[in-house]
Amino acid sequence: MNSRTTLSRPGIIAAVAVTMLMALVVGTLVFLGQQSSAVASPPVTREELTEADGVVREEEALSVFDETPAVSNLDPALLEAVRAAAVAAEQDGVPMHVNSGWRSAAYQQVLQQDAVEEYGSAEEAARWVATPENSEHVSGDAVDLGPLPAQDWLAQRGAEFGLCQIYANERWHFELRPAAVANGCPMMYDNPTSDPRTQR
Ligand SMILES: [Zn+2]
Numbered sequence: 117m118n119s120r121t122t123l124s125r126p127g128i129i130a131a132v133a134v135t136m137l138m139a140l141v142v143g144t145l146v147f148l149g150q151q152s153s154a155v156a157s158p159p160v161t162r163e164e165l166t167e168a169d170g171v172v173r174e175e176e177a178l179s180v181f182d183e184t185p186a187v188s189n190l191d192p193a194l195l196e197a198v199r200a201a202a203v204a205a206e207q208d209g210v211p212m213h214v215n216s217g218w219r220s221a222a223y224q225q226v227l228q229q230d231a232v233e234e235y236g237s238a239e240e241a242a243r244w245v246a247t248p249e250n251s252e253h254v255s256g257d258a259v260d261l262g263p264l265p266a267q268d269w270l271a272q273r274g275a276e277f278g279l280c281q282i283y284a285n286e287r288w289h290f291e292l293r294p295a296a297v298a299n300g301c302p303m304m305y306d307n308p309t310s311d312p313r314t315q316r
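Mind the numbering: the sequence shown is residues 117 to 316 in my numbering, read in order.
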């Protein structure tokens with residue numbers, strides 16, 4: 117009898133049992149891995165964030181032509197519109213800069229955590245700060261522009277470039293609405309909680 121190719125009956129049972137046990141262990145590990153990544157990304161602290169997350173240091177007036185990730189990771193069409201508007205505003209003697217642009221999900225998560233602390237509840241925080249899942253900043257489709265005179269200029273002329281204020285309570289937050297060039301900007305939402313996109 118060749119013991120390498122022929123297993124005794126107890127041997128076969130043991131081999132099947134070991135195989136089943138291993139499959140169970142591997143399956144459990146995969147399941148737990150999926151669970152932990154689905155529940156929440158690990159907590160991030162502000163100190164861990166860098167420019168690569170889209171952080172804009174508050175003391176700097178960031179040019180719309182800068183190549184830092186906060187600017188360069190914006191949707192190309194939005195960035196093109198912002199740059200064209202900034203050139204036109206500059207010609208009117210109104211400097212424009214980026215207060216915040218593209219953000220990593222980790223950065224948005226920190227902002228959301230801060231807002232929950234500041235406003236006392238997730239519901240109230242949602243009026244001001246989106247979650248990483250629904251933020252237009254994380255997808256690169258929103259940019260916060262300043263200073264105040266630039267926001268006033270955009271309120272007057274932003275639509276010419278397809279740049280629209282979306283939320284009545286966020287005069288700095290602009291998104292691209294290409295139809296605005298012909299039709300003007302759509303009605304604003306009172307705040308992000310009235311935006312169907314934040315319900316998804
Ligand atoms: Zn914004």
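Every residue gets a Cβ at the ideal spot worked out from N, C-alpha and C, and that includes glycine.
- Here T184 has E167 as same chain residues with Cβ atoms under 6 Å from its own Cβ, once five neighbours each way along the sequence are excluded.
- With a cutoff of 7 Å, E286 counts as near ligand 1, since its C-beta is closer than that to a heavy atom of the ligand.
- Out of N285, W288, E276 and M304, the CA that lies nearest to the CA of P294 is found in E276.
- Taking C-beta atoms as the reference points, R219 and G170 count as a pair closer than 8 Å.
- At the C-beta level, A271 and A205 stay beyond 8 Å of one another.
- Excluding the 5 residues flanking it on each side, G217 has same chain C-beta neighbours closer than 6 Å at A186, V187, L190 and V259, in chain order.
- At least one heavy atom of ligand 1 falls within 7 Å of the beta-carbon of A258.
- Annotation: the region 221-292 contains the following complete segments of the alpha helix (DSSP H) (minimum length 4 residues), in chain order: 221-235, 238-241 and 264-273.
- For S216, the Cβ falls inside the 7 Å cut-off from some heavy atom of ligand 1.
- Residue environment for A131: exposed (fewer than 16 other C-beta atoms within 10 angstroms of its C-beta).
- Rounded to whole angstroms, the gap between the alpha carbons of A221 and Q228 is 10 Å.
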